[in-house]
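J.: The working numbering puts the first residue of the sequence shown at 4, with every later residue one more than the last.
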Amino acid sequence: MTDASRPPEPPEKQSSSEQPAPQQHRAASPRSVRVAVLTISDTRTPETDTSGQYLLTEVRAAGHQVTDYRVVRDDAMDIRTALVQFVREATVVLSTGGTGLTGRDVTVPVVESMITKPIPGFGELFRMLSYREVGGAAMLSRALGGLCRGAAIFAMPGSLNAVRTAWEGILRDEIGHLAFEIERHGQPGVVAPAQLLPGDSVAAPPLAAPPASGQAVSVPSTPAAPAPANGSVESETSQPQSRDPGDPMTPLGRHKNEDPEL
Numbered sequence: 004m005t006d007a008s009r010p011p012e013p014p015e016k017q018s019s020s021e022q023p024a025p026q027q028h029r030a031a032s033p034r035s036v037r038v039a040v041l042t043i044s045d046t047r048t049p050e051t052d053t054s055g056q057y058l059l060t061e062v063r064a065a066g067h068q069v070t071d072y073r074v075v076r077d078d079a080m081d082i083r084t085a086l087v088q089f090v091r092e093a094t095v096v097l098s099t100g101g102t103g104l105t106g107r108d109v110t111v112p113v114v115e116s117m118i119t120k121p122i123p124g125f126g127e128l129f130r131m132l133s134y135r136e137v138g139g140a141a142m143l144s145r146a147l148g149g150l151c152r153g154a155a156i157f158a159m160p161g162s163l164n165a166v167r168t169a170w171e172g173i174l175r176d177e178i179g180h181l182a183f184e185i186e187r188h189g190q191p192g193v194v195a196p197a198q199l200l201p202g203d204s205v206a207a208p209p210l211a212a213p214p215a216s217g218q219a220v221s222v223p224s225t226p227a228a229p230a231p232a233n234g235s236v237e238s239e240t241s242q243p244q245s246r247d248p249g250d251p252m253t254p255l256g257r258h259k260n261e262d263p264e265l
């Protein structure tokens, strides 16, 4: 029987099992997260990239580690190449630029093609916060987030105000919690080093650089298969065709250490 005259126990003395789950998870979250920053722009340079430099400053001030930073053109191949390399080293990748509706905005389809688990709440919260600042124009932003196996990618607009809104309003206070959730039970297909068998390697194969503009690409010839002895011709679709892991049309979804693309 409880004593009604006894004051309630202060929150700081409550057991961890009585705390809300998000509070417990934040308490267990890492204090330092590996973060990469990517700016997508045809005009900006590292010296004029105010949004990227803002993120670098804020990420370091929060005690996190910057694994990489780069400025690339609004080009699907350049964006994908950078993201594939970044997710190999970082737990969180922050990109700015290319999320609008113009013909040069190609960030969103590239990120969508790499995502294995969407995080729709990021885009929803970002547009909600943006609506308070710019009104209905917030609907023009296609900011999005999601997991690419063992890393999270967040694609934000390129303006400094938009990046500040996303960082201060959403990401800054949850980035450690996010890393904790990503790694808590592991991600399907991602093999932890402790699970590797003797002789296995965790090093990802090198990523081939895309050919320079106008450069011819040689395709090795494949010897024709011998005709069947009975003279019949088999249909091209009669046997399943295996794809080269390096084929850019190969569907994503395999562990990044097994696929040269990831």
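Every residue gets a Cβ at the ideal spot worked out from N, C-alpha and C, and that includes glycine.
Who pairs with Ala-155 in a beta bridge, going by DSSP?
T.: Looking at the DSSP assignment, Ala-155 forms a beta bridge with Val-95 and Leu-150.
J.: For the region 51 to 129, list the beta strand (DSSP E) runs that are entirely contained and at least 3 residues long, ordered along the chain.
T.: Fully enclosed beta strand (DSSP E) runs of 3 or longer: 68 to 75 and 95 to 99.
J.: When you compare each of Pro-121, Val-38, Met-131 and Phe-157 to Ala-65 by their alpha carbons, which one comes out closest?
T.: Nearest option by C-alpha distance: Val-38.
J.: Taking the alpha helix (DSSP H) that Leu-187 belongs to, which residues open and close that run?
T.: Looking at the sequence itself, residue 187 is Arg, so the reference to Leu does not match. 178 to 187 is the span of the alpha helix (DSSP H), which, as asked, contains Arg-187.
J.: Could you tell me which residues DSSP pairs with Leu-41 in its beta bridges?
T.: Note: Leu-41 sits in a beta bridge opposite Arg-73 and Ser-98.
J.: For Leu-132 and Gly-172, I'd like the C-alpha separation in whole angstroms.
T.: Whole-angstrom Cα-Cα distance: 8 Å.
J.: Given Trp-170, which residues of its chain have a CB within under 7 Å of its CB, disregarding the five upstream and five downstream residues?
T.: Result list for Trp-170: Leu-58 and Glu-61, in chain order.
J.: Report yes if the CB atom of Ile-178 is closer than 8 Å to the CB atom of Thr-99, and no otherwise.
T.: Cβ distance not < 8 Å, so Ile-178 and Thr-99 don't count as in contact.
J.: Using three-state DSSP, classify Val-166 as helix, strand or coil.
T.: It is helical.
J.: Count the other CB atoms, across all protein chains shown, that sit within 10 Å of the CB of Pro-226; report buried if there are 16 or more and exposed otherwise.
T.: Low local confidence applies: a pLDDT of 49 at Pro-226 is under 50, so the model's placement there is unreliable, and no value is given.
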